[in-house]
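Protein chains in written order, with numbering that gives the first Met the number 0: chain A, 0 to 203; chain B, 0 to 203.
Number of protein chains: 2
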Amino acid sequence: MTDAPLTPGKRDPARRRRAIIHAATEIIVADGPAALTHRAVAAHAGVALGSTTQYFSSIDELREAALNQLAEEIDESLAAIEPFFKTLKTDPTDAITELLKYLDDPRAVHADIALMSSGINTPSMQALALRWSNHLIDMLSEHIDRERAEAIAIYLDGATMHAGLRGHHPGREAITRTVMALAGLPMPPTTTPTTENVSGEPKE
Amino acid sequence: MTDAPLTPGKRDPARRRRAIIHAATEIIVADGPAALTHRAVAAHAGVALGSTTQYFSSIDELREAALNQLAEEIDESLAAIEPFFKTLKTDPTDAITELLKYLDDPRAVHADIALMSSGINTPSMQALALRWSNHLIDMLSEHIDRERAEAIAIYLDGATMHAGLRGHHPGREAITRTVMALAGLPMPPTTTPTTENVSGEPKE
DNA sequence: AATGTACATGTACATAAGTACAGGAACGGG
DNA sequence: CCCGTTCCTGTACTTATGTACATGTACATT
């Protein structure tokens, strides 16, 4: 379970395997699933080329293992967010704070995008790509109806893509208003007055 | 401008170039930007390998040309949708119908996803990936305020990813309700009674 | 018809990547 | 200390791909 660097030559299959998968996730997060090569993983993990082929019967299996790892991480983040949805209706502040943590985390954002990209072009990865989305919908469905839960999940997927592309998200206020609108809930009273525009007319 | 198959050996640079770009777009749409190879393009376009290297100084330039073509197509679809946004506030039916045409078109959906994927991992493609999103936001901003326009654009990006992954979109009714909620507008009166759930409580 | 130019084709070569494997090193048990 | 097993390493081979280029072909010009 330690994260110390591997000693070359030393026998430690479990840790070596983890180091290889971890290096693979970093490459995928940085450059996308298509950029994964044995040699890049070996260089990044500090192991010999042969080690990257020993634990996985093909590069596709290695990629799959790395994507599974990323999906796992996302699932854990999601589980950590879940409790905060309980107060979504009364005060969404905490739930939004947790969502922002995710959108502010480049690794999480790019991991999610890598999963979606994989699911698009690799049928066997579709289920994995949809896992976190389905999980989120299920969690939200405990508190709001399913159609709205799906709408919020879809919006957050879009927000993920935008965050990945633009390097930033729409901001706490905008996201709060959007999620509340999708949840069919009124905005909670705020201490600082909001510049809400109820009419929907353009401002300028 | 004709689309008839190319005659091998015949000299027709302009059409050949278009055929190559078109073949490249089909490969990108089908298997993603990373799957593009000169040989795949040559086979798909029915031209010699050498022809695919003649018009573009590198495979990256060919990919870029193909992605530009796809962005062009999306821009045109978007321009076709624009007029229908004028009645968004009074009756969104037509606008939603146009959006559904896009979400129901696998080529358009996968083209959009390919652009986003490229923008994620290739900085020089970011601007292109954001073009249609920005265009849509500008169009919507003519009728609703900018924050809501952005929210709708982000939701539609998410809907695009979902459509690509699941093979279907949430459905006309759900999309209509979602877009209206994001626009800050009430649902228009319907002939068939809607099963609207104003409270936001889960149904079951 | 002759001919030069621009285009098209296929081959050839260099590089990169996946994979196999032979040899060596570490570790556990005698 | 010896030895067998398991793991680690690096090299070598095969295939795929990008790219260069020599050759061939169509077509415009004369």
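We put the CB at the ideal spot given by N, CA and C, even for glycine. Note that the structure is predicted; figures quoted are calculated from it, not measured.
Selected residue, minimal CA-CA separation from residue i, among the options
i, options, result
"Ala23(A)", "Asp11(A), Pro12(A), Ala39(A), Arg10(A)", "Ala39(A)"
"Gln53(B)", "Ala65(B), Gly45(B), Asn67(B), His37(B)", "His37(B)"
"Leu184(B)", "Gly166(B), Asp144(B), Ala162(B)", "Asp144(B)"
"Arg62(A)", "His21(A), Arg15(A), Thr96(A)", "His21(A)"
"Arg10(B)", "Ala47(B), Ala33(B), Ala29(B), Ile26(B)", "Ala47(B)"
"Leu155(A)", "Ile27(A), Glu97(A), Leu127(A), Phe55(A)", "Glu97(A)"
"Ala158(A)", "Phe83(A), Met124(A), Pro105(A)", "Pro105(A)"
"Ala64(B)", "Lys88(B), Arg16(B), Thr86(B)", "Arg16(B)"
"Ala34(A)", "Asn120(B), Pro12(B), Met124(B)", "Asn120(B)"
"Asn67(B)", "Pro12(B), Arg14(B), Ser117(B)", "Ser117(B)"
"Gln125(B)", "Pro122(A), Arg165(A), Ser123(A)", "Arg165(A)"
Cβ shell of residue i (< 7 angstroms), same chain only, five flanking positions each side left out
i, result
"Glu203(A)", "Since pLDDT at Glu203(A) reaches only 46, below the 50 mark, its modelled position is unreliable, and the value read off the structure follows with that caveat. Around Glu203(A): no qualifying Cβ."
"Ile19(A)", "Val40, Ala44, Val46, Ser50, Thr51, Tyr54"
"Met115(A)", "Ala128"
"Met160(A)", "Ile112"
"Pro12(B)", "none"
Residue i (DSSP reduced to helix, strand or coil)
i, result
"Leu114(B)", "helix"
"Ser123(B)", "helix"
"Thr24(B)", "helix"
"Glu75(B)", "helix"
"Phe55(A)", "coil"
"Ala128(B)", "helix"
"Pro187(A)", "coil"
"Pro105(B)", "helix"
"Lys85(A)", "helix"
"Glu141(B)", "coil"
"Arg15(A)", "helix"
"Leu156(A)", "Per the sequence shown, the amino acid found at residue 156(A) is Asp instead of Leu. Correct three-state label for Asp156(A): helix."
"Glu203(A)", "Residue placement at Glu203(A) is poorly supported in this model, since its pLDDT is 46, which falls under 50; the coordinates are not used for a value here."
"Gly163(B)", "helix"
"Asp30(A)", "helix"
"Thr177(B)", "helix"
"Asn67(A)", "helix"
"Met0(B)", "Only weak support is given to the placement of Met0(B): the predicted model assigns it a pLDDT of 49, under 50, and the question is left unresolved by the model."
"Arg147(B)", "helix"
"Arg10(B)", "coil"
"Leu99(B)", "helix"
"Asp93(A)", "helix"
Outcome for residue i when other beta-carbon atoms lying within 10 angstroms are tallied against a minimum of 16
i, result
"Thr233(A)", "Lying before the first or after the last residue shown, residue 233(A) is absent from chain A, which here runs from 0 to 203."
"His167(B)", "exposed"
"Asp111(A)", "buried"
"Met74(A)", "Note that residue 74(A) is Asp in the sequence shown, not Met. By the neighbour-count rule (16 or more Cβ atoms within 10 Å), Asp74(A) is not buried but exposed."
"Ala107(B)", "buried"
"Met0(B)", "Note that Met0(B) has pLDDT 49, beneath the 50 cutoff, so the model's placement of it is unreliable and the number below is only indicative. Its Cβ having fewer than 16 others within 10 Å, Met0(B) is exposed."
"Gly163(A)", "buried"
"Pro169(A)", "buried"
"Gly31(A)", "buried"
"Glu146(A)", "buried"
"Ser123(B)", "exposed"
Beta-carbon proximity check, residue i vs residue j, cutoff 7 angstroms
i, j, result
"Leu102(B)", "Ala150(B)", "no"
"Pro187(B)", "Asp90(B)", "yes"
"Ala70(A)", "Leu129(A)", "no"
"Ala113(A)", "Ile58(A)", "no"
"His142(A)", "Phe84(A)", "yes"
Own chain partners of residue i with C-beta closer than 8 angstroms, once the 5 adjacent residues on each side are dropped
i, result
"Ala152(B)", "Ser132, Leu135, Ile136, Leu139"
"Ile95(B)", "Arg171, Ile174, Thr175, Val178"
"Gly8(A)", "none"
"Leu99(B)", "His168, Arg171, Ile174"
"Ala29(A)", "His109"
"Glu25(B)", "His43"
"Leu77(B)", "Trp131, His134, Leu135, Met138"
Same chain, Cβ closer than 6 angstroms to residue i, neighbours up to 5 away in sequence not counted
i, result
"Ala148(A)", "Ile136, Leu139, Ser140"
"Thr193(B)", "Any reading at Thr193(B) needs caution, since the residue's pLDDT is 49, under 50, leaving its predicted position unreliable; the model's value is listed next. For Thr193(B), where only same-chain residues beyond five positions count, there are no Cβ hits under 6 angstroms."
"Ile244(B)", "This structure cannot settle anything about residue 244(B), because the visible part of chain B is limited to 0 through 203."
"Leu87(B)", "Ala94, His142"
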